[in-house]
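Here the protein sequences line up with chains C and W, keeping their order.
Under numbering that gives the first Met the number 0, the residue at position 143 of the first sequence is numbered 142, and the numbers go up by one with no gaps.
Under numbering that gives the first Met the number 0, the residue at position 62 of the second sequence is numbered 61, and the numbers go up by one with no gaps.
2 protein chains.
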Amino acid sequence: MFEYVSIRDIARRAGVGVSTVSRVLNDYPDTSQQTREKVLRIIREVNYRPNSRARQLVKNTAETICFILNNRDVINPFHSRVLMGVARYARTLAKNVIFMQFDYPPDAPPNRLILPLVIWERGALDGLVIAGTNYPNFINAVKALRIPFVVFGNNLFGDLQIRDLHSVWFDNEGGTRKSTEYLIELGHQNIWCLVDTTKPWYRRCYDGYCQAMEQHQLRLHKLDVRIEDSPFNAGVEGAKQFLHLQPQLSAIVAGDDEIALGVLSGLNQNGVRVPDDISLVGFDDIEGLKFVRPLLTTIRVDKEKIGEELAKLLFELLQNRDLPPVKRTVSTELLVRESSARPGRGLGSNGLSIEVVS
Amino acid sequence: MFEYVSIRDIARRAGVGVSTVSRVLNDYPDTSQQTREKVLRIIREVNYRPNSRARQLVKNTAETICFILNNRDVINPFHSRVLMGVARYARTLAKNVIFMQFDYPPDAPPNRLILPLVIWERGALDGLVIAGTNYPNFINAVKALRIPFVVFGNNLFGDLQIRDLHSVWFDNEGGTRKSTEYLIELGHQNIWCLVDTTKPWYRRCYDGYCQAMEQHQLRLHKLDVRIEDSPFNAGVEGAKQFLHLQPQLSAIVAGDDEIALGVLSGLNQNGVRVPDDISLVGFDDIEGLKFVRPLLTTIRVDKEKIGEELAKLLFELLQNRDLPPVKRTVSTELLVRESSARPGRGLGSNGLSIEVVS
DNA sequence: CTGAAAGCGCTTACAG
DNA sequence: CTGAAAGCGCTTACAG
């Protein structure tokens, strides 16, 4: 009773040709009002739903892109929102988004990398949004497949020729420069930067920090740690080291919010108050900040915007395969909250009165 | 130079029929070793990649399911992990997962609901994992489409006939019973439950709480709030009310972790210490807990497991469309951390010495 | 073991 | 404005 109804059935019932039905379905202008209405009525009557797969086969398009999250076992809040941005933009174009998680060894040669079937086969995908943490071998393997792709740039390792890529970035360097400058304007001078310079993204952070410091002829202070699993724990450890640097040290720029929260936790545990004793700024504006007091001053990154820009760029590329490589950057915004203040406030509690000359 | 190679090209080059190539591609046993090798060699030579869309059209399968996140503007950490679970399970079966976000009004009749195209059309999907917050109208609209689906049960509104549905749940009731019993065993008697009973999931929480309390013949205490946007803020507000109930009140069972963190923050702001003055337990074991001290005692929910069970059930259903409706429940686990302790500890700080008789 | 043919459900020139 | 035919790239009986 509930059989599959095809375009042929509609044509038969309406007493017209299959092509006429197709024309009606696709809103072509060259059909008489009368046949048009008859066909539409039948379509509604039998609740006909066209088969998109057949359409896609003929038109040689998948109407689908893939969001691939590489080398992350969980989609973190940051990437979650990037995905939402991609999905939202795709939706405005009535395109689908396949979500896929994938792990690969950074050192496997591109031609040995076994890519997910959905990418390797033809027909399933029009293009690819490459997110997560990435290495050149994967990018090159995808390139060899000749499938259009865009990449989320910030978590890219290795010296890829960025000018050969379509990529979207957020401004890690500019953002950290902004937050560092803000601290300097508050009157801080002894500002430390806590990062892991083996990671390009933290390196860009550090660069931004350096730019601000150098411009004000302040001395650079870097605490360079190795972050593997938990940026938070790295922050806690870092805090211990900062303890010895007090009270000269008056402000800390952390590579991201999670590190900053670790620092905050570590400082609190040792009786150091933020922002009274030390000012602290993070980066990203992650969701979890709302759970912690003082509210962290940070650099806001519009993650959904990044997703939207990734999708937008990919669809532009699908429209025009010869689009020259572009690198787009999403700007950032300083969010002043509670973890930063003018320096010296806390020293008063030690019985010292300090004049701050700024 | 890099033209599209089809199965026909392979056949021509190998000097065999198209069906033979197909048989080789699909690893059918009935091909001679010799032709087999010849075909495989050519396939490798020209780097042939079959077109999955054509295969799907013939075999009438999409090899794809859809994870639809309803009525949530962001994929929160909980649902993120459910999605990961779905994706991981699908991957073991070489199936794709389309991610889609969708909003709909709870009160639109099912036949007026405009479903996403990918669901409404044929061919794009084999089945649907329905996640997010849901109402009967959507479920019924999907039902009318005759597309196999499974639903994440916990955030379902309205009195759907659960026994007509394929659903996966986590044990909200049992979990809260467990955490309440744990508090009782610690010696707490005046235990409050903070929930929003207009939401079925919090109601189940409250039921679990009641079961534990009644079994020990303790008096029920409910703080019933309306939670719209921010469970955290609801927790902060709730904390203010709890202040008046001290010191009789000695423990709080919150509807979920985010509420609990709000309570914690609210109590802290008012100088009430957790767990010294009040013990506090949450539910979910969300990611963000790690940022907050004391570490919250909570009920762990294996979110990826939920995702896996959803996918597993859906694929079972695709194998056997007559599978009778089942409701599967993922169990929970009590995670004792730092926010809970024996009652009365804190009273000592008021100069009182209390003997706890348990 | 193998190939020619039909067919999956559409779209698109083409001819009328 | 409309329909018959060819074709998208596969798989699958069917016949040999």
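Glycine residues also receive a C-beta, built at the ideal position from the N, C-alpha and C atoms.
Interface flag, residue i vs chain W, CB-CB below 8 Å
{"i": "Ala140/C", "result": "no"}
{"i": "Leu260/C", "result": "yes"}
{"i": "Met0/C", "result": "The pLDDT assigned to Met0/C is 35, lower than 50, so where the model puts this residue is not dependable; a value taken from the coordinates is nonetheless given after this. No - not a single Cβ of chain W is within 8 Å of the one on Met0/C."}
{"i": "Asn95/C", "result": "yes"}
{"i": "Val271/C", "result": "no"}
{"i": "Asn349/C", "result": "Because Asn349/C sits at a pLDDT of 42, beneath the cut-off of 50, its placement in the model cannot be relied upon, and the following sentence gives the value as read from the coordinates. Cβ-Cβ to chain W under 8 Å: no for Asn349/C."}
{"i": "Val73/C", "result": "yes"}
{"i": "Ala253/C", "result": "no"}
{"i": "Ser264/C", "result": "yes"}
{"i": "Ala10/C", "result": "no"}
{"i": "Gln100/C", "result": "yes"}
Short CB-CB distance (under 8 Å) between residue i and chain C
{"i": "Lys311/W", "result": "no"}
{"i": "Leu294/W", "result": "no"}
{"i": "Lys391/W", "result": "The structure shown has nothing for residue 391/W, since chain W only spans 0 to 357."}
{"i": "Phe137/W", "result": "no"}
{"i": "Ser352/W", "result": "Confidence at Ser352/W is low in this model, with a pLDDT of 40, below 50, so its placement is unreliable and the value that follows should be read with caution. No, no contact with chain C."}
{"i": "Pro76/W", "result": "yes"}
{"i": "Val355/W", "result": "For Val355/W, the pLDDT reaches just 42, beneath the cut-off of 50, and the residue's location in the model is therefore unreliable, although a value from the coordinates is still provided. No - not a single Cβ of chain C is within 8 Å of the one on Val355/W."}
{"i": "Lys289/W", "result": "yes"}
{"i": "Glu184/W", "result": "no"}
{"i": "Glu286/W", "result": "yes"}
{"i": "Leu222/W", "result": "no"}
{"i": "Val17/W", "result": "no"}
{"i": "Ala61/W", "result": "yes"}
Beta carbon of residue i nearer than 8 Å to that of residue j
{"i": "Leu219/W", "j": "Phe290/C", "result": "no"}
{"i": "Val150/W", "j": "Ile138/W", "result": "yes"}
{"i": "Ala10/W", "j": "Gly122/C", "result": "no"}
{"i": "Cys204/C", "j": "Asn171/C", "result": "yes"}
{"i": "Phe77/W", "j": "Asp283/W", "result": "yes"}
{"i": "Gly281/W", "j": "Ala253/W", "result": "yes"}
{"i": "Ile298/C", "j": "Glu337/C", "result": "no"}
{"i": "Ala238/C", "j": "Leu266/C", "result": "yes"}
{"i": "Asn133/C", "j": "Asn154/C", "result": "yes"}
{"i": "Asn50/C", "j": "Tyr103/C", "result": "no"}
{"i": "Ala130/W", "j": "Leu114/W", "result": "no"}
{"i": "Phe101/W", "j": "Ile146/W", "result": "no"}
{"i": "Glu286/W", "j": "Gly84/W", "result": "no"}
{"i": "Asp29/W", "j": "Arg40/W", "result": "no"}
{"i": "Asp125/W", "j": "Ala61/W", "result": "yes"}
{"i": "Ile64/C", "j": "Ala89/C", "result": "yes"}
{"i": "Val45/W", "j": "Val4/W", "result": "yes"}
{"i": "Val15/W", "j": "Val38/W", "result": "yes"}
{"i": "Gly361/C", "j": "Gly207/C", "result": "Residue 361/C falls outside the range modelled here, since chain C spans only 0 to 357, and no answer is possible."}
{"i": "Gly234/W", "j": "Val262/W", "result": "yes"}
{"i": "Leu144/C", "j": "Ile118/C", "result": "yes"}
{"i": "Trp168/C", "j": "Gly152/C", "result": "yes"}
{"i": "Asn189/W", "j": "Leu248/W", "result": "yes"}
{"i": "Pro230/C", "j": "Glu257/C", "result": "yes"}
Expected contact under 8 Å - CB spacing of residue i and residue j to nearest Å
{"i": "Asp330/W", "j": "Pro274/W", "result": "The sequence shown places Ser at residue 330/W, rather than the Asp named in the question. The Cβ separation is near 26 Å, so there is no contact."}
{"i": "Asp327/C", "j": "Leu313/C", "result": "Just to set this straight, residue 327/C is Arg in the shown sequence, not Asp. With a Cβ gap of about 12 Å, Arg327/C and Leu313/C do not count as contacting."}
{"i": "Asp223/C", "j": "Thr196/C", "result": "5 Å"}
{"i": "Ala98/C", "j": "Ala250/W", "result": "According to the sequence provided, residue 98/C is Phe. The question's Ala does not apply to it. At roughly 41 Å, the Cβ-Cβ gap does not stay under 8 Å, so Phe98/C and Ala250/W are not in contact."}
{"i": "Glu120/C", "j": "Arg12/W", "result": "About 20 Å; that fails the 8 Å criterion."}
{"i": "Leu288/W", "j": "Leu294/W", "result": "7 Å"}
Exercise. At what residue ranges does the segment 195-279 of chain W contain a whole run of the beta strand (DSSP E), taking only runs of 3 or more?
Worked result: 221-223 and 250-253
For this session: Name, going along the chain, the residues of the segment 112-132 of chain W whose beta-carbon falls closer than 7 Å to a beta-carbon of chain C.
Result: Leu116, Val117, Trp119, Glu120, Arg121, Gly122 and Ala123
Exercise. Which whole runs of the beta strand (DSSP E) in the segment 273-346 of chain C are 3 residues long or more, in chain order?
Worked result: 278-280, 297-300, 326-329 and 331-334
Problem set entry | Every unbroken beta strand (DSSP E) inside the segment 105-153 of chain C [3 residues or more] | 126-131 and 148-151
Exercise. Of the residues that make up the segment 29-56 of chain W, which ones have a beta carbon closer than 7 Å to any beta carbon in chain C?
Worked result: Arg48, Pro49, Asn50, Ser51, Arg52, Ala53, Gln55 and Leu56
Problem set entry | Unbroken stretches of the beta strand (DSSP E), 3 residues or longer, contained in the segment 169-194 of chain W | 190-194
For this session: Could you please tell me which residues of the segment 79-90 of chain W, in chain order, have their CB closer than 8 Å to any CB of chain C?
Result: Ser79, Arg80, Leu82, Met83, Ala86, Arg87 and Arg90
For this session: Scan the segment 213-238 of chain C for residues whose Cβ lies nearer than 7 Å to a Cβ of chain W and list them as they occur along the chain.
Result: Phe231
For this session: For the segment 50-86 of chain C, list the alpha helix (DSSP H) runs that are entirely contained and at least 4 residues long, ordered along the chain.
Result: 51-58
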